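Enquirer:
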Amino acid sequence: MIKLDRRELIASLGGFAAVALMSHEARADALEHYMEQKLYAQAEGGGAGSSAAAFPSAAEVKAQITTRHYRRGVGGLFVSTDAAGKMTMLDEMPAKPTLVDFFEKRFMQFSNHCLQSANKARERGAADEIVLACLLHDTVQSLMRVDHGYYGAQMYEPYVPEITSWAIRYHQPLRFFADEQAGYTYPDLYRRMYGFDYVPPPHVQAAHDMTKKHKWYYAAREVTVSDLYAFDPDAVVSLDSFRDLIDKYFKQPAEGLGFDNSPSAHMWRSLMFPDSPL
Ligand SMILES: [Fe+2]
Ligand SMILES: [Fe+2]
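Take the sequence shown: its position 151, counting from 1, is numbered 192 in this note's numbering, and each next residue is one higher.
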């Protein structure tokens with residue numbers, strides 16, 4: 042049994058003030074990360090915090106599956122982040138929901154992460170269509186985390202330029218492959234999530250090989266370069282800075298997302314009504 046040291050946890054997150062600024066979801070993620078670190082410290086015979094730089098093996102990551110009450114690939118909306126393990130009430134969606142409504146009411150913790158990524162891409166001088174890809178790249182994780190690049194591309198395909206959904210799809214396999222020249226190094230986050238000795242399966246390697254030769258490689262690569270994971274409570278980016286971009290490039294259906302009979306309308310409805318049993 043892993044013991045939770047509340048003081049140590051709060052200190053590791055930057056103190057009470059920093060924790061107060063975190064969303065419930067961010068706190069839950071931080072708690073899980075903290076518990077994982079403790080678990081590895083125990084497994085390696087180290088003391089509290091001694092494993093800060095240590096990563097699990099792929100076999101250890103696999104062994105954790107039976108310690109959870111959920112699967113890690115499930116969408117963020119479907120996992121309780123409440124301390125008591127209960128679901129929270131979601132805001133009602135308007136009759137004709139827009140992309141902005143989904144950002145505000147359904148994309149949860151992925152919203153700020155994507156806003157920060159889009160902001161970075163814009164600062165780096167990326168083209169509008171690629172900034173848009175960064176803005177949307179992980180939002181589908183509210184619905185589904187496993188294979189999220191592919192789910193996300195499918196969900197957005199009817200509404201965005203082709204290069205945008207292409208970049209969303211392939212940012213996912215590209216995250217597993219460093220490209221130092223482009224400014225992308227393999228992230229420690231993945232060593233923690235998959236194990237330091239993890240080898241991407243053949244279909245992910247094949248996607249990388251294909252992407253590398255494609256004329257739009259730079260677009261998907263830009264999404265990975267602008268992908269931010271550092272927790273920075275001061276870096277809150279408003280969606281307002283991207284409203285022009287959304288108005289110009291996102292084809293908002295008049296009936297509202299989910300009600301326009303597009304090939305991905307059901308995905309938007311699933312985000313809208315995640316408590317529907319069937
Ligand atoms: Fe992603
Ligand atoms: Fe991301």
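Think of the CB as a built atom: it goes at the ideal place given N, C-alpha and C, for glycine as much as any other residue. Just so we're clear, the structure is a prediction, and the values are computed from it rather than from any experiment.
In angstroms with no decimal places, state the Cα-to-Cα distance between residue 184 and residue 314.
Expert: Looking at the backbone, the Cα of residue 184 and that of residue 314 are separated by about 11 Å.
Enquirer: Note down, in chain order, each residue of its chain lying with its Cβ closer than 7 Å to the Cβ of residue 223, except the 5 sequence neighbours on either side.
Expert: 262 and 266
Enquirer: Can you check the segment 263-302 for any beta strand (DSSP E) of at least 3 residues that lies completely inside it and give the ranges in chain order?
Expert: none
Enquirer: Which term fits residue 127, buried or exposed, when burial requires 16 or more other beta carbons within 10 angstroms of its beta carbon?
Expert: exposed
Enquirer: Using the Cα positions of residue 79 and residue 181, report the straight-line distance between them to the nearest angstrom.
Expert: Because residue 79 carries a pLDDT of 48, less than 50, the predicted location of this residue cannot be relied on, and the following value inherits that uncertainty. About 30 Å.
Enquirer: Please tell me whether residue 13 and residue 199 are closer than 8 Å, where the distance is taken between their beta carbons.
Expert: No information on residue 13 is available, as it lies outside the stretch 42 to 319 that the chain covers here.
Enquirer: Would residue 96 pass as a contact of residue 216 if the rule is Cβ separation under 8 Å?
Expert: no
Enquirer: Report buried or exposed for residue 85, applying the criterion of at least 16 other Cβ atoms within 10 angstroms of its Cβ.
Expert: Since pLDDT at residue 85 reaches only 31, below the 50 mark, its modelled position is unreliable, and the value read off the structure follows with that caveat. Under this definition residue 85 is an exposed residue.
Enquirer: Consult DSSP for residue 142 and reduce its assignment to one of helix, strand or coil.
Expert: The DSSP-derived three-state label of residue 142 is helix.
Enquirer: Less than 7 Å between the CB of residue 158 and some heavy atom of ligand 2, yes or no?
Expert: yes
Enquirer: Following a CB-centred definition, is residue 288 positioned closer than 7 Å to any heavy atom of ligand 1?
Expert: no
Enquirer: Let me know the secondary structure DSSP gives residue 115 once reduced to three states.
Expert: strand
Enquirer: Quick one: is the Cβ of residue 249 within less than 7 Å of any heavy atom of ligand 4?
Expert: As far as ligands go, the structure on display features ligand 1 and ligand 2 and does not contain ligand 4.
Enquirer: Relative to the C-alpha of residue 164, which residue among 302, 301, 145 and 278 is closest?
Expert: 278
Enquirer: Express the C-alpha separation of residue 306 and residue 187 in angstroms, rounding to a whole number.
Expert: Straight-line Cα distance between these residues: approximately 20 Å.
Enquirer: Quick one: is the Cβ of residue 229 within less than 7 Å of any heavy atom of ligand 1?
Expert: no
Enquirer: Measuring only between beta-carbons, confirm whether residue 266 sits less than 8 Å from chain B.
Expert: Within the model displayed, chain B is absent; a lone protein chain is all it includes.
Enquirer: Of the residues 156, 151, 243 and 264, which one's Cα is nearest the Cα of residue 204?
Expert: The shortest CA-to-CA distance from residue 204 to any of 156, 151, 243 and 264 is the one to 264.
Enquirer: What three-state label does DSSP hand residue 225 in the structure shown?
Expert: strand
Enquirer: Can you name the residues that DSSP bridges to residue 185?
Expert: Beta-bridge pairing links residue 185 to 115.
Enquirer: Return the chain-ordered list of same chain residues with a C-beta closer than 8 Å to the C-beta of residue 19, the five sequence neighbours on each side being excluded.
Expert: Because the chain is modelled from 42 through 319, residue 19 falls outside the range shown and cannot be assessed.
Enquirer: Collect the residues with a C-beta less than 5 Å away from any heavy atom of ligand 2 and give them in sequence order along the chain.
Expert: Ordered along the chain, the selected set is 179 and 268.
Enquirer: Since residue 151 and residue 179 should fall inside the 8 Å C-beta cutoff, what is the C-beta to C-beta distance between them, to a whole number of angstroms?
Expert: 5 Å
Enquirer: What are the start and end residues of the alpha helix (DSSP H) that includes residue 100?
Expert: 99-104
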